[in-house]
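In our numbering, the protein residues as written are 1459 to 1968. Here a beta-carbon is modelled for each residue, glycine too, at the ideal position from N, C-alpha and C. Remarks on the structure that follows.
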């Protein structure tokens, strides 16, 4: 048998003379291959070079479904980056720049002769819902004053942002208003027969109202005259000032923090007090309220996840939880949406009890079914009485869900001509972990066949950025909503549901 060595021996002898030449050729091939090979890709996000906020907004970024991956070189003490990174909204920002009202040649009351007001004293770096109710009221104030409202990005408090600090864009995290809502407040049209000027972006305000043409109106010129007054008097006083001012462009500015640490026109002291209720009638009837809607981005997320809400109980259910073929076909018409606020509320609710706080803002409306009178300071059970409503236990939540459902179904009224059915449960929550898992299991055990929570939604990177608005729109559309009376999130949902003429029995509080 010829071995492999014997087989190749003649070739090796014959090729020995050519070996130096072959070696040189082989080395050359290797060098060329190394020079042309593509670099190795990694999951590590490079540290961006410092760029302006304007430049950052032009970067186009792919937007697959959200996923969190550790960087390849992450150490136990190093940052864990979230991939993909936060959205840049390049297309949406371009769309906002090109709004039709951004045109100097438009006739009065728009264009270079129009009248505008920018509220630079608006809240920033706080939760979205505190910003939303203030911006809506400012937009209403601008409307009745005959001026165009100037809208701006929502600027996040860094601890609320879905991406770690290492991935925050230059200037801090922010989201375009039109990614969250639609309507006149965000530059959308008024009714066809309404001559009011359309809202403009803060970027366009700098064009149509250069600093040399602005009146800077400090809040200290007005607020001292309306301190502790009913909300309607605050609105009327500011509307008079803005109407009577001859200046075309007004920018409302805040004084130093030591002068007023709540420098908004409609500040937290107003929103957290029954003084706000005098604003309800004109505000709820305003087109600012009536034309408020979800952004296309928010609506796309709801459409994407609609299948989750389709009832999938047994074909022949019992009377309390009927089969999916019984009752309304629209899953929102058979949905109970429940706002479950936990997390920071574990301590916050105890503070509210000690302060003797009432419900917040529109949750104080007398037309609602549920009300809360704070127990007196000397009541030894004061904290427990507040926690039952502000931070219910799992058992208390189960009982409240049961009671609200039974009361709604017991009403002789029909919903859009259909027999009332509630068999889809949606849990709007910031809670993660075993508590919410126990609640989901418990409600399924008592007969809820379709149970969905915030964490079940499939969202791309832009949709995740506006997830709070997605939850709000789902709660707005649900047949019944059960909220937390101390929450600005719940208050804004109440506002939208009542503007939609929802019956009082369908909007409840824990």
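Where residue 1410 sits in the DSSP three-state scheme
Absent from the structure is residue 1410, since the part of the chain shown begins at 1459 and ends at 1968.
- With distances taken Cα to Cα, identify the nearest neighbour of residue 1701 among 1625, 1619, 1606 and 1850. 1606
Could you work out which residue in 1748, 1681, 1705 and 1840 is closest to residue 1696 when comparing CA atoms only?
1681
Query raised in the report: Should residue 1638 and residue 1927 be called a contact, given that it needs their Cβ atoms to be closer than 8 Å?
Result: yes
Does the distance from the C-beta atom of residue 1704 to that of residue 1931 stay below 8 Å?
For the pair residue 1704 and residue 1931, the CB atoms are not nearer than the 8 Å cut-off.
Q.
In chain order, what are the residue ranges of uninterrupted beta strand (DSSP E) at least 3 long that sit wholly in the stretch 1543–1583?
A. Correct list: 1574–1577.
With a floor of 4 residues, list each alpha helix (DSSP H) that falls wholly inside the stretch 1598–1631, ordered by position along the chain. none
Secondary structure of residue 1884, DSSP reduced to three states | strand
Next on the checklist: Suppose you measure from the CA of residue 1727 to the CA of residue 1640; what does that come to, to the nearest Å?
Outcome noted: 27 Å
Please state if the CB of residue 1950 and the CB of residue 1591 are separated by a distance shorter than 8 Å.
Contact: yes.
| request: State whether the stretch 1595–1612 contacts the stretch 1576–1586, with contact taken as three or more CB pairs (one from each stretch) at a distance under 8 Å. | output: yes
Exercise for review: Output the distance between the C-alpha atoms of residue 1492 and residue 1562, rounded to the nearest integer angstrom.
Suggested key: Confidence is the limiting factor: at residue 1492 the pLDDT is only 49, short of 50, which leaves the residue's position unreliable, though a coordinate-based value still follows. Near 58 Å, if we compare the C-alpha coordinates of residue 1562 and residue 1492.
Close-in-space but distant-in-sequence residues of the same chain around residue 1876 (CB under 8 Å, 5 per side omitted): Its chain contains 1785, 1786 and 1791 as the residues whose beta carbon lies nearer than 8 Å to that of residue 1876, once the 5 sequence neighbours on both sides are disregarded; these appear in chain order.
Practice problem: Please name the residue, chosen from 1662, 1858 and 1746, that lies closest to residue 1560 on a Cα-to-Cα basis. | Solution: Nearest C-alpha to residue 1560: 1662.
- Query: Could you check where the beta strand (DSSP E) with residue 1856 kicks off and where it finishes?
  - Reply: That residue, residue 1856, is in no beta strand (DSSP E); its alpha helix (DSSP H) goes 1852–1867.
*Please say whether residue 1964 and residue 1819 have beta carbons closer to each other than 8 Å?*
Result no, Cβ atoms of residue 1819 and residue 1964 do not sit closer than 8 Å.
Note to self: So, under 8 Å CB-CB, residue 1938 and residue 1880 are touching, yes? Tell me the CB distance rounded to an integer number of Å.
What the structure shows: 6 Å
Whether residue 1768 touches residue 1789 by CB criterion (8 Å)
The Cβ-Cβ distance between residue 1768 and residue 1789 falls below 8 Å.
Item checked: Distance between residue 1648 and residue 1516 (C-alpha atoms, nearest Å) -> Low local confidence applies: a pLDDT of 33 at residue 1516 is under 50, so the model's placement there is unreliable, and no value is given.
Compute the beta-carbon to beta-carbon distance between residue 1544 and residue 1627, rounded to the nearest angstrom, for a pair I have assumed lies under 8 Å.
7 Å
Within 10 Å of its beta-carbon, does residue 1910 have 16 or more other beta-carbons around it, so buried, or fewer, so exposed?
Label assigned to residue 1910: buried.
* **Cβ-based burial, residue 1831 [other Cβ within 10 Å; buried from 16]** => It counts as exposed.
| request: Take residue 2004 as the anchor and find which of 1892, 1866 and 1595 has the nearest alpha-carbon. | output: For the chain, the structure presents residues 1459 to 1968; residue 2004 sits outside this window and is missing.
Exercise for review: Could you check what DSSP says for residue 1791 in three-state terms: helix, strand or coil?
Suggested key: helix
Going by alpha carbons, who is nearest to residue 1883 out of 1862, 1908 and 1865? 1908
Residue interval of the beta strand (DSSP E) (run including residue 1938)
1938–1941
(Q) Less than 7 Å between C-beta atoms, sequence neighbours within five positions excluded: which residues of the same chain meet that for residue 1722? (A) 1579, 1580, 1581 and 1592
- Would you list, in sequence order, the uninterrupted alpha helix (DSSP H) runs of no fewer than 4 residues that lie entirely inside the stretch 1702–1729? 1726–1729
Worksheet entry | the stretch 1706–1719 touching the stretch 1661–1679, judged by at least three CB pairs closer than 8 Å | yes
Q) Buried or exposed: where does residue 1913 fall if 16 or more other Cβ atoms within 10 Å of its Cβ makes it buried? A) Taking every protein chain shown into account, the CB of residue 1913 has fewer than 16 other CB atoms within 10 angstroms, so this residue is exposed.
May I have the straight-line CA-CA distance separating residue 1571 from residue 1617, to the nearest angstrom?
-> 42 Å
Spatial distance of residue 1958 from residue 1646 (CA atoms):
19 Å
### Query
Just to confirm, are residue 1920 and residue 1755 a CB contact at a threshold of 8 Å?
yes
Worksheet entry | N- and C-terminal bounds of the alpha helix (DSSP H) containing residue 1935 | 1925–1935
Just mark residue 1923 as buried or exposed, buried being the case when its beta carbon has 16 or more other beta carbons within 10 Å. With 16 or more neighbouring CB atoms inside 10 Å of its own CB, residue 1923 falls in the buried class.
Notebook entry, point to check: In terms of residue numbering, what span does the alpha helix (DSSP H) encompassing residue 1950 cover?
Noted result: 1946–1957
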